[in-house]
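Numbering follows numbering that gives the first Met the number 0, with no gaps: position 89 of the sequence shown is 88. Where a beta carbon is used, it is the ideal one built from N, C-alpha and C, also for glycine. It should be emphasised that the depicted structure is a prediction, and the values quoted were computed from it without experimental measurement. Here the structure is laid out as structure tokens; the discussion comes afterwards.
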Amino acid sequence: MGATASQAQITVTGNDLKFGVDTDIIYTIDVDTSGVSLPSAGNDQWWDYGNLVPVDSAEFSFAASDQNPPFTSSTAMMPLMSSQFGEFELQDQTQYFTQAASGFLNEGYHIPYHWFELANPNDTLKIPEQDVEVNGYKALVPFDLTSGTNETGTGTEIINFTLTYQAGGMVNEPGYLKRTRETTHEVTGWGSVILPVSKDTVEALLLKSSSRITDSVFIGGMPVPAALLTGTGLSQGMVTHENMIQLVAKDFNTFAGVFSLNSTGDVAEHIQFVNSWHYDEDTTTAIGKITYNTIRAYPNPASDVLNIETDRSQPLYAEIYSISGRMIGRMPVTGGQIRVGTLNTGTYTALFKNDKEKTVGVLKFVKE
């Protein structure tokens, strides 16, 4: 997979990170963070996470946006999950982004309707359903990454709300939160990563990312004095920090690992690994270097036998994993089939390996 760390510095470019809207699906696993050391900075590193215990898994795809401007039909969407809004948490958000020469650009995000009750039951904070556009610096991850690369920028977001806070004389007052995000990306080394579950080895750059986030609260177009916001769940000029260490894998088209850190940046509070990348269609682009799209299966859902089609002639066996990432068992591909009749009803992932323990294919199937 490209130049090895011992031969030369690893680079990651836009061609390595291409994705296809409506065709590519990422399968990720979360792992137990207890006792896990952060990736160390420096060159020619070896990061072995092969024995980490999965605790959850998820699958998401890149879909074309059907929203009106400022987002266009060429804008892709993916789950953002949640973010903080003062003392509250906004759930079920969707990220809008595009892919450009400079990286993945964060065009904005969609927030569904939220309603929060304050300490006084008659006081409320309402967040209307809205699209939030990011202005200024938009790079989620820069593409042209080399050792020693630094990239810094500042972006702003406006989130609208309606506040009822009778102690402050406010009843359904429209306002907005202006969020300023100062982000820095820095490449601090490169090496090889052994992934959990599949035990695949990929080359990766070590990318440190940090953001300083400042929230300013406006009502009636004017900044609100901090004293008037006491009890609202909002704070004037609140500053928070987001820190991340990311292993950006070359020839794997995405992250090998993402470590979300505490505010001081010295403890991993969350770790997620991309274990495999699925393709619904064959492709001749740069992502064709990965042969995970050479495995097909039918019928799907299956009740007893899953028929396997592959262009590979060597003997294969399948490792079957539950949706939580736990390995259920190993079974040979015999006569172009694997028998799934003994599995419980549910969704499973099959990693196909050859007699040299190399992962050559992956697919998801449903046992009915």
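If we count the other Cβ atoms within 10 Å of its Cβ and call it buried at 16 or more, is A301 buried or exposed? For this step, residue 301 is matched to residue 302 along the sequence shown. Residue burial is scored here from C-beta neighbours: A301 has at least 16 other C-beta atoms within 10 angstroms and is therefore classed as buried.
In the DSSP output, what is F96 paired with across the bridge? As a working note, residue 96 is residue 97 in the sequence shown. DSSP output for F96 lists A75 and N105 as bridge partner(s).
Relative to the C-alpha of L228, which candidate in I28, Q165, E181 and S56 has its C-alpha closest? Reading the sequence shown from its first residue, position 229 is the one you call residue 228. Closest by alpha carbon: Q165.
Local conformation of Q165 per DSSP, three classes: Position 166 of the sequence shown, counted from the first residue, corresponds to residue 165. The answer is helix: DSSP assigns Q165 an H, G or I state.
Where DSSP assigns a beta bridge to F115, which residues make up the other side? Working through the sequence shown from its first residue, we reach residue 115 at position 116. In the DSSP output, where bridge partners are listed per residue, F115 has L124.
Beta carbon of F272 nearer than 9 Å to that of T27: Counting from 1 along the sequence shown, the entry for residue 272 is found at position 273. Counting from 1 along the sequence shown, the entry for residue 27 is found at position 28. In this structure, T27 lies closer than 9 Å to F272 by Cβ.
Unbroken beta strand (DSSP E) run spanning E367, endpoints: As a first step, residue 367 must be located in the sequence shown, where it is residue number 368. It is not in any beta strand (DSSP E) - E367 carries neither H nor E in the DSSP assignment.
Starting from A301, trace the beta strand (DSSP E) in both directions and tell me its first and last residue. Translated into positions along the sequence shown, residue 301 becomes position 302. Looking at the DSSP string, A301 is not in any beta strand (DSSP E), and its letter there is neither H nor E.
Apart from the five residues on each side of it in sequence, which residues of its chain come closer than 6 Å, Cβ to Cβ, to L362? Indexing the sequence shown from 1 puts residue 362 at position 363. For L362, where only same-chain residues beyond five positions count, the Cβ hits under 6 Å are I294, A296 and A349.
Could you check where the beta strand (DSSP E) with G328 kicks off and where it finishes? Sequence index remark: in the sequence shown, residue 328 carries index 329 (1-based). Where G328 is concerned, the enclosing beta strand (DSSP E) stretches over M326 to P331.
Judging by CA-CA distance, which residue of V304, A317, K198 and V365 is the nearest neighbour of R338? Indexing the sequence shown from 1 puts residue 338 at position 339. The candidate whose alpha carbon is nearest that of R338 is V304.
Do V238 and T213 have their C-beta atoms closer together than 9 Å? Working through the sequence shown from its first residue, we reach residue 238 at position 239. Working through the sequence shown from its first residue, we reach residue 213 at position 214. Yes, the Cβ-Cβ distance between V238 and T213 is below 9 Å.
Could you check the C-alpha separation between L139 and P78 for me, to the nearest Å? Taking the first residue of the sequence shown as position 1, residue 139 is located at position 140. Taking the first residue of the sequence shown as position 1, residue 78 is located at position 79. Their Cα atoms are separated by approximately 14 Å.
Report, in whole angstroms, the separation of the C-beta atoms of T342 and I327, which I expect to be a contact under 8 Å. Counting from one through the sequence shown, the residue named residue 342 turns up at place 343. Counting from one through the sequence shown, the residue named residue 327 turns up at place 328. First, the residue type needs correcting, since residue 342 is Leu and not Thr in the sequence shown. Correct: roughly 7 Å between the Cβ atoms.
Assign T358 to buried or exposed, taking buried as 16 or more other Cβ atoms, counted over all protein chains shown, within 10 Å of its Cβ. In the sequence shown, residue 358 corresponds to position 359, counting from 1. So T358 ends up on the buried side.
So, for T10: in the same chain, excluding its five sequence neighbours on each side, which residues have a beta-carbon less than 7 Å away from its beta-carbon? In the sequence shown, the residue the question calls residue 10 occupies position 11. Closer than 7 Å at Cβ, skipping near neighbours: L144 and T145.
Take the Cβ of Y112 as the centre, count every other Cβ of all protein chains shown within 10 Å, and call the residue buried at 16 or more, exposed below. For this step, residue 112 is matched to residue 113 along the sequence shown. Counting Cβ neighbours within 10 Å, Y112 comes out exposed, since fewer than 16 surround it.
Is it true that the CB of T148 sits closer than 9 Å to the CB of T182? In the sequence shown, counting from the first residue as 1, residue 182 sits at position 183. In the sequence shown, counting from the first residue as 1, residue 148 sits at position 149. No.
With 16 other CB atoms within 10 Å as the buried threshold, where does N171 fall? Along the sequence shown, read from residue 1 onward, the residue named residue 171 stands at position 172. Burial call: exposed.
Tell me the rounded alpha-carbon separation between S197 and K352. In the sequence shown, counting from the first residue as 1, residue 197 sits at position 198. In the sequence shown, counting from the first residue as 1, residue 352 sits at position 353. Approximately 9 Å between the Cα atoms of the pair.
I'd like to confirm the pairing. Which residues does DSSP put opposite A62 in its beta bridges? What you label residue 62 is simply residue 63 of the sequence shown in a count that begins at 1. BP columns for A62 point to M76.
My understanding is that T231 touches L162, with C-beta atoms under 8 Å, so please give their C-beta distance in whole angstroms. As a position in the sequence shown, residue 231 is number 232, starting the count at 1. As a position in the sequence shown, residue 162 is number 163, starting the count at 1. With a Cβ gap of about 6 Å, T231 and L162 count as contacting.
I need the straight-line Cα distance from G188 to G13, nearest angstrom please. Taking the first residue of the sequence shown as position 1, residue 188 is located at position 189. Taking the first residue of the sequence shown as position 1, residue 13 is located at position 14. If I take the Cα positions, the gap works out to 19 Å.
Please say whether W46 and I193 have beta carbons closer to each other than 9 Å? For the purposes of this step, residue 193 is identified with residue 194 of the sequence shown, where counting begins at 1. For the purposes of this step, residue 46 is identified with residue 47 of the sequence shown, where counting begins at 1. Taking 9 Å as the Cβ cut-off, I193 and W46 qualify as a contacting pair.
Which one or two residues does DSSP pair with T213 in a beta bridge? Counted from its first residue, the sequence shown places residue 213 at position 214. DSSP output for T213 lists T179 and V238 as bridge partner(s).
Return helix, strand or coil for A40, following the three-state DSSP convention. As a working note, residue 40 is residue 41 in the sequence shown. Coil at A40, not helix or strand.
With H, G and I counted as helix, E and B as strand and the rest as coil, what does DSSP make of D91? One-based indexing of the sequence shown puts residue 91 at position 92. It is a strand residue.
Should A63 be labelled buried (16 or more other beta-carbon atoms within 10 Å of its own) or exposed? Numbered from 1 along the sequence shown, position 64 holds the residue referred to as residue 63. Exposed is the call here.
Residue environment, R180, which counts as buried when at least 16 other CB atoms sit within 10 Å: As a working mapping, residue 180 is identified with position 181 in the sequence shown. So R180 counts as buried.
Given K249, which residues of its chain have a CB within under 6 Å of its CB, disregarding the five upstream and five downstream residues? As a position in the sequence shown, residue 249 is number 250, starting the count at 1. Closer than 6 Å at Cβ, skipping near neighbours: G1, I9, V11, D15 and E202.
Could you tell me the alpha carbon to alpha carbon distance between I126 and V216, rounded to whole angstroms? Indexing the sequence shown from 1 puts residue 126 at position 127. Indexing the sequence shown from 1 puts residue 216 at position 217. The alpha-carbon atoms of I126 and V216 are separated by roughly 14 Å.
May I have the straight-line CA-CA distance separating L204 from F61, to the nearest angstrom? The residue you call residue 204 lines up with position 205 of the sequence shown. The residue you call residue 61 lines up with position 62 of the sequence shown. When rounded, the distance between both Cα atoms is 23 Å.
So which of M330, V223 and L124 has the shortest CA-CA distance to D354? Taking the sequence shown and counting its residues from 1, the one referred to as residue 354 is at position 355. Among M330, V223 and L124, the Cα nearest to that of D354 belongs to M330.
Per-residue DSSP class, three states only, for G334: The sequence position of residue 334 within the sequence shown is 335, counting from 1. In this structure, G334 counts as coil in the three-state DSSP scheme.
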